[in-house]
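Asks: Heads up, the sequence shown is in the UniProt record's numbering, so the first residue is 1 and it goes up one at a time.
The beta carbon of each residue, even a glycine, is placed where N, CA and C say it ideally should be.
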Amino acid sequence: MIKFIHTGDLHLGLRFKNVSFGQEKAIERRRELWSTFERIVNYAKDNEVDFLLIAGDLFEESYFTISDITRVRDTFRTIEDINIIISAGNHDFKGKNSLYNRVEWTKNVTIFNNQEIQRKEFENLNTVIYGYSWDSVEIRENKLFSTLGKVDDTKNNILVIHGDIFNNSNYLPLNIQELKNLNMDYIALGHIHKPQIIFDNIAYCGCPEPLDFGELGERCIIEGSIDNKKLGFEFIPFSKRKFLEVEIKINQYMGYPDIINNIRNISVGNREIDFFRINLSGFIQRNIKIEDLNGDLKDNFYHIELIDNTILDYDLEQIERENKDNIIGRFIISMKEKGLDNPIVKNALYYGLELLLEERE
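1. Quick check on the burial criterion: 16 or more other C-beta atoms within 10 angstroms. Buried or exposed for Leu148?
2. Assign Asn195 to one of three DSSP states: helix, strand, or coil.
3. So, is Asp341 buried or exposed, given that buried needs 16 or more other C-beta atoms within 10 angstroms?
4. Helix or strand or just coil, what does DSSP make of Pro343?
5. Is Phe283 helix, strand or coil when you go by DSSP?
6. Can you name the start and end residues of the beta strand (DSSP E) that Arg119 belongs to?
7. Among Ile263, Gly8 and Asp313, which residue has its Cα nearest to the Cα of Gly295?
8. Roughly how far, in whole angstroms, is the beta-carbon of Ile86 from the beta-carbon of Leu58, given that I think they are within contact range, below 8 Å?
9. For Lys3, which residues does DSSP report across the bridge?
10. Quick one, which of Ile69, Arg102 and Leu52 has its alpha-carbon nearest Asp81's?
11. Under 7 Å between C-beta atoms, does Asn168 make it to chain B?
12. Grouping DSSP H, G and I as helix and E and B as strand, with all else coil, what is Gly149?
13. Can you give the beta carbon distance from Leu244 to Gly269, rounded, assuming they're within the 8 Å contact cut?
14. Name the residue from Leu216, Tyr256, Asn83 and Cys205 whose alpha carbon lies nearest to the alpha carbon of Ile236.
15. If Trp134 sits next to Asn90, beta carbons under 8 Å apart, how far is it from one beta carbon to the other, in whole angstroms?
16. Take the Cβ of Pro208 as the centre, count every other Cβ of all protein chains shown within 10 Å, and call the residue buried at 16 or more, exposed below.
17. In terms of DSSP beta bridges, what is Val246 paired with?
18. Determine the extent of the beta strand (DSSP E) in which Val109 is found, giving its start and end residues.
19. Helix, strand or coil, according to DSSP, for Pro173 in the structure here?
20. Using the C-alpha atoms, what's the distance from Lys180 back to Ser239?
21. Which value, in whole angstroms, describes the spacing of the CA atoms of Arg140 and Leu312?
22. Have a look at Gly163 and Leu99 and give me their C-alpha separation to the nearest angstrom.
23. Compute the Euclidean distance between the alpha carbons of Lys120 and Asp50, then round it to the nearest angstrom.
24. With the cut-off set at 7 Å, would you say Gly56 and Gly8 are in Cβ contact?
25. Quick one: measure Cβ to Cβ for Tyr186 and Ile158, integer angstroms, because I've assumed they're closer than 8 Å.
26. Which residues bound the alpha helix (DSSP H) around Asp46?
27. For Val128, which residues does DSSP report across the bridge?
28. Considering just the uninterrupted stretch of the alpha helix (DSSP H) at Asp292, what are its terminal residues?
29. When the Cα atoms are used, what is the spatial distance from Phe64 to Val72?
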């Protein structure tokens with residue numbers, strides 16, 4: 001039996017520019033990417049796996065330094081009994097001047113080249129690992145598998161590759177049927193940050209740490225094994241923090257304390273460590289300001305953003321009295337007759353009032 005960890009898309013060195021959570025937290029997240037990388041290495045060591053498979057985008061080429069790649073090399077030296085396999089992706093592509101070429105790696109580290117699909121055999125483990133590293137930021141055509149040949153079915157065969165199985169994109173488009181036809185025991189994919197199983201033996205590990213609100217929920221690594229050609233694997237939650245979006249519906253009867261308590265009492269995630277984006281919708285009293293809510297809630301959350309999709313409530317009786325002889329009053333009466341219990345009617349009333357009152361001003 002062989003055991004493996006499959007990860008990728010760590011993006012070490014990412015600067016988190018133009019993020020919604022500010023530069024102070026961006027610097028903290030940059031450190032946390034390193035911390036998670038080191039936790040993955042320690043997890044592999046503690047669980048005595050045979051292979052650590054890294055399916056590209058280990059780091060950000062634009063921001064990485066010789067000091068950073070040396071730190072990676074030195075971290076890998078702490079697990080010299082584990083075979084580390086790297087297929088570089090579009091963010092850490094292995095070009096002529098790649099940082100991968102600037103340090104001397106220990107013998108347990110294999111970084112694939114980019115002329116064609118390469119194979120590395122581990123006779124003592126009856127295993128062959130196949131892989132390919134990018135040499136540029138884009139690969140528009142994929143002809144990699146045409147010369148691969150037939151795999152040896154008596155061995156454990158694993159492919160590690162960074163590419164896009166969902167779109168005919170500029171990021172090494174992959175064809176699912178072509179991958180199935182390779183007869184690999186496991187295909188470790190990178191590039192797509194959402195963890196997901198593509199087929200029985202094909203999976204994206206996703207990124208172990210989410211990078212922004214485009215990457216919601218739990219983030220993972222994959223832990224797996226092959227025993228007598230029988231594959232088993234599972235997603236292991238691994239991220240220090242999660243990005244979460246929560247929908248909260250409010251109404252015109254809720255006062256300021258009610259809204260505050262509703263937000264404080266959300267049941268998902270961990271307010272002390274996770275990033276929250278709260279989407280507020282429904283009718284809100286006119287005296288309640290979103291910026292005040294945000295200010296009063298920020299000490300209750302590691303990070304919170306309030307997205308205002310609310311509609312300002314109106315004192316309909318007063319507006320009707322003040323406008324009984326004009327179009328505004330007649331509009332209110334007309335909409336009341338249609339039934340304000342219907343949310344579509346009420347929404348139409350409020351949107352119409354907003355336009356009419358603005359026009360009058």
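Replies: Reading it off the structure:
1. exposed
2. The question names Asn, but residue 195 is Pro in the sequence shown. In this structure, Pro195 counts as coil in the three-state DSSP scheme.
3. exposed
4. helix
5. strand
6. Gln118 to Phe122
7. Relative to Gly295, the option among Ile263, Gly8 and Asp313 whose CA is nearest is Ile263.
8. 7 Å between Cβ atoms; contact.
9. Ser225
10. Leu52
11. Among the chains in the structure shown there is no chain B, since it carries only a single protein chain.
12. The answer is coil: DSSP assigns Gly149 none of H, G, I, E or B.
13. Going by Cβ atoms, the distance from Leu244 to Gly269 rounds to 5 Å, so yes, they are a contact pair.
14. Cys205
15. 5 Å
16. When all chains shown are included, Pro208 counts as buried.
17. Ile278
18. Val109 to Ile111
19. strand
20. 30 Å
21. When rounded, the distance between both Cα atoms is 49 Å.
22. Each residue's Cα considered, the two are about 21 Å apart.
23. About 14 Å.
24. yes
25. 5 Å
26. Gly22 to Asp46
27. Looking at the DSSP assignment, Val128 forms a beta bridge with Glu121 and Asn157.
28. Ile290 to Leu297
29. 11 Å
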